[in-house]
Amino acid sequence: MKKGGFDIIVPASTANIGPGIDSIGMAVSLFLTISCQPHDDWEFVPVTHNVASIPSDKENIIYQSALYVAKQYHYHELPAHRVEVKSEIPVARGLGSSGTAIAAGVELANQILNLGLTPYEKAVYATEIEGHPDNVAPSILGGYIVGHVVNDEFIYVQKEDFEDIRFVAVVPAFELATKTAREVLPQSLPYKESVRASAVANVSVAALFQGDFSTFGRLIEHDLFHQPYRKHFIPYFDDIVKYMKEQGAYGTYLSGAGPTLISICPKEVSEQNMETWKHDHPDFDWLELSVAPCGIKINSW
């Protein structure tokens, strides 16, 4: 059992990138940090406003995720810790706030119980908890992940970084629950439409791995799997997509289940125009994000 204090630092994620629903995600430069030390009872203490409403006891998703992992190794409880929670990630905005909590919980069990889990094993457990890998796997492994569970096996490919590219998040003031955004999706698609949708997905992934962001940006705006249905929750969707295209973005997509939109831009376009974008659309928070090439990090103290 681990006796000293330690920090777990987890990058946020943007998932469902264009046509990549439940299978494509990327770690980005916003972070959840939990500082843990042995204590008489389990206690989760929010340090930043983004996590002000989290449960302070074992109902916390971080603890529940840690307990899930512990049970796989026949532990029915975990030694108590005081956990300070600090987050830069907006809640319920499509930037993986719950996914980072799950990833942090998996690592918490790994650290406390000295399980020696590999990054792949952590991603598998987190995917089991979340139900799909697109948020949790990038937060654990870092970079850009295309992954899926096939016959109970998590299979993925990874690209760690993209030079000179920025991901500009357009974050509204309102929240959108993932459950609500998922309920609007159709139960099935007609065969010809599903073929078109998968073709867009296939070519977009190929373009991204070749570094062809112009093609990638065009394709993500032609997703048929989820954006046409979820955009009705987001009245500014078409306006921002058009505006950012005119401003030099390669393309814009709905991050996660929304309501945040992310525009993929050349680094120089983002640097030169960020203040203009903030001025033109002051009702949003504008965040310039880069790829987080590394996943979870641990600092012992």
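Residue numbers (this note's numbering): 1 to 301.
Glycine included, C-beta positions come from ideal geometry on N, C-alpha and C.
None of the values given here were measured: they were computed from a predicted structure.
Could you check what DSSP says for residue i in three-state terms: helix, strand or coil?
i    : result
V286 : Correcting the residue type first, residue 286 is Trp in the shown sequence and not Val. Residue state, collapsed to three classes: strand.
I61  : helix
N50  : helix
L95  : coil
A27  : strand
H148 : strand
P90  : coil
Y156 : strand
L208 : helix
H81  : strand
F6   : strand
V291 : strand
F237 : helix
S188 : coil
E43  : strand
A177 : coil
Starting from the C-beta of residue i, find all residues in its chain whose C-beta is less than 6 Å away, skip the five residues before and the five after it, and write them out in chain order.
i    : result
T215 : A207
F162 : V291
Y229 : V184, L185
N135 : S13, A15, G25, G96, G99
K71  : none
S29  : L289, S290, A292
V91  : N50, S97
H132 : D22
W277 : W286
P138 : S13, G25, M26, A27, I145
C265 : R166, V168, A249
Which same chain residues, not among the five before or five after residue i, have their C-beta less than 7 Å away from its C-beta?
i    : result
F174 : P259
A201 : P19, G20
I54  : F44, P46, N60, V85
Label residue i either buried or exposed according to how many other C-beta atoms from any shown protein chain fall within 10 Å of its C-beta, with 16 as the threshold for buried.
i    : result
V150 : exposed
W301 : exposed
G295 : buried
I17  : buried
E107 : buried
A52  : exposed
N167 : Here residue 167 turns out to be Phe, not Asn, going by the sequence shown. Under this definition F167 is a buried residue.
K242 : exposed
G211 : exposed
H76  : exposed
Q272 : exposed
T127 : buried
K122 : buried
S56  : exposed
G105 : buried
D22  : buried
H81  : buried
F44  : buried
Y120 : exposed
P172 : buried
Report back the beta-carbon spacing between residue i and residue j to the nearest angstrom; my notes put them in contact at under 8 Å.
i    : j    : result
G99  : E59  : 18 Å between Cβ atoms; not a contact.
I145 : Q158 : 5 Å
I240 : V170 : 6 Å
K267 : I165 : 6 Å
G147 : A27  : Not really, about 13 Å apart at Cβ, beyond 8 Å.
Y73  : L113 : 7 Å
M244 : S270 : 10 Å between Cβ atoms; not a contact.
Going by the C-beta, is residue i closer than 7 Å to any heavy atom of the ligand FAD?
i    : result
Y144 : Looking at this structure, you won't find the ligand FAD or any other ligand, since it has none at all.
In chain order, what residues of the same chain have a beta carbon less than 8 Å from the beta carbon of residue i, not counting five sequence neighbours either side?
i    : result
Q111 : K2, F6, I8, C36, I298
A306 : As displayed, the chain neither begins before 1 nor continues past 301, which places residue 306 out of reach and without an answer.
V205 : G20, I24, V146
Three or more C-beta pairs below 8 Å linking the stretch 176-183 and the stretch 62-71: Fewer than three beta-carbon pairs drawn from the stretch 176-183 and the stretch 62-71 are found closer than 8 Å, and the two stretches are therefore not classed as touching.
Three or more C-beta pairs below 8 Å linking the stretch 87-96 and the stretch 30-45: The stretch 87-96 makes contact with the stretch 30-45; the number of CB pairs closer than 8 Å reaches 3 or more.
Three or more C-beta pairs below 8 Å linking the stretch 44-54 and the stretch 245-253: They do not touch, by the three-pair rule.
Cβ pair count under 8 Å reaching 3, the stretch 187-202 against the stretch 280-295: Fewer than three beta-carbon pairs drawn from the stretch 187-202 and the stretch 280-295 are found closer than 8 Å, and the two stretches are therefore not classed as touching.
At least three beta-carbon pairs within less than 8 Å, the stretch 254-273 to the stretch 229-241: Yes: at least three Cβ pairs fall under 8 Å.
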